Amino acid sequence: MKVMHVAVLTAVAVVLVLGSFAPIMKDAFAHGVQAQLQSRFIKIEDETFSTFRVITKQEYANRTGLTLEQIDAMGCDPRRQDILIVTGRLVSQVNKDLRAWISLFNESTNAGNRWEFILREPPGNVFDIPPGGEVPYKLCVAALEPGTYHTHTQLNVASVGPGLGPGATVVVEGEPTMKPMSVGNVIYQTILIAIGLAISFATRPWQVI
């Protein structure tokens, strides 16, 4: 069992190190390279944020008297004051199938930068966007650490590149959430991050689309 934990932690460390180089690689690609605008292939339309100010999950627990497990059981309940819901539409501009991966991109001076995914629609790691079609999306995350975040819909399209929605500034207040993650959850999150990095590094520079 210890070997399993060591292997998982090693994998997480590798992914996090690669992730830390992503902004550097982004800037490096942007200099001297004429990027092919992702908006020629797909557009992020009607990006909408449920709120611009939330509290951390721990702060919500403190105020309501609920345990973190009870809060988790609520899922993406709009009554929760610790969640951010981002919705919008992915509109294809081309006459071919596109494979995509969607998440949230957060920039913050806070080193923690911790959010927890609760719901992702379309479900799954990678999904298809039909030719000339439109796919509605919904992302639901819980805030785990206070800070001021510049948050965007992050869309990676295979063979085209990564892009960002217009975004918004979201302020998170309250006590940091000290919640240990299970090995299974760590593995799942690592897979999601690795997929995003693989698509990002294999394609084009970041664009706001």
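Each residue of the sequence shown is one higher than the one before, starting from 164 at the first, in this note's numbering. Even glycine gets a Cβ: it sits at the ideal position worked out from N, Cα and C. Everything numeric in this text was worked out from a predicted model, so none of it was measured.
Give the range of the beta strand (DSSP E) segment to which residue i is assigned.
i      : result
Glu297 : 297-306
Glu338 : Element bounds for Glu338: n/a, residue is neither H nor E.
Thr227 : Note, Thr227: premise wrong, no beta strand (DSSP E); alpha helix (DSSP H) at 220-227.
Thr214 : Premise fails: Thr214 is in no beta strand (DSSP E) and is neither H nor E.
Phe280 : 278-284
Phe290 : 290-292
To the nearest angstrom, how far is it from the Cα of residue i to the Cα of residue j?
i      : j      : result
Ser322 : Thr227 : 47 Å
Val254 : Arg216 : 28 Å
Thr311 : Glu208 : 24 Å
Gln221 : Gly295 : 43 Å
Val304 : Ser271 : 16 Å
Leu327 : Ala263 : 13 Å
Ile234 : Asp240 : 9 Å
Pro329 : Leu302 : 15 Å
Arg243 : Tyr223 : 8 Å
Val320 : Ile248 : 22 Å
Phe381 : Val298 : The question about residue 381 has no answer, for the chain in this structure spans 164 to 372.
His313 : Pro293 : 30 Å
Ile246 : Pro285 : 18 Å
Ile281 : Thr340 : 15 Å
Name the two residues that bound the continuous alpha helix (DSSP H) containing residue i.
i      : result
Leu327 : Here Leu327 belongs to no alpha helix (DSSP H); instead the beta strand (DSSP E) covers 324-327.
For residue i, does the count of other Cβ atoms within 10 angstroms reach 16, so buried, or fall short, so exposed?
i      : result
Thr219 : buried
Glu232 : exposed
Lys206 : buried
Gly337 : buried
His315 : buried
Arg380 : Past the edges of the chain, shown from 164 to 372, lies residue 380, and the structure says nothing about it.
Ala236 : exposed
Asn258 : exposed
Asp260 : exposed
Thr332 : exposed
Gly324 : buried
Arg203 : exposed
In terms of DSSP beta bridges, what is residue i paired with?
i      : result
Leu318 : Ile265, Gly326
Thr332 : His313
Could you pull out every unbroken beta strand (DSSP E) segment of at least 3 residues lying fully inside the stretch 231-261, listed in chain order? 246-255
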